[in-house]
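Worksheet: one structure, shown below.
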Amino acid sequence: MSKLPSPDMVRRIEDAAAALIAAGTPNPTNVQVRDHLGGGSQATISPVMRAFR
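In terms of UniProt numbering, the sequence shown opens at residue 1 and continues consecutively.
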């Protein structure tokens, strides 16, 4: 079983997705979120984004 991201990382991913939505991207992708964060692992971002959606 993979390690869950820290609460801080979850918040950063959710904040990035919310910022993209506020900027006019109604369905931000994992890649867009990673770019907004300036990097990160898809293995970390993907499960958070699944829950966020």
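C-beta: ideal position from N, C-alpha, C; glycine also.
- With respect to the C-alpha of Arg34, the residue from Ile45, Pro5, Ala51, Ser6 having the closest C-alpha is Ile45.
- A direct Cα-to-Cα measurement between Phe52 and Pro28 gives close to 11 Å.
- Short of 8 Å from the beta carbon of Ala19, and not among the five residues preceding or following it, lie these beta carbons of its own chain, in chain order: His36.
- Contact annotation, Val48 with Ile13: C-beta distance approximately 4 Å; criterion of less than 8 Å satisfied.
- Of the residues assessed, Gly40 falls on the buried side of the cut-off, its CB having 16 or more other CB atoms within 10 angstroms.
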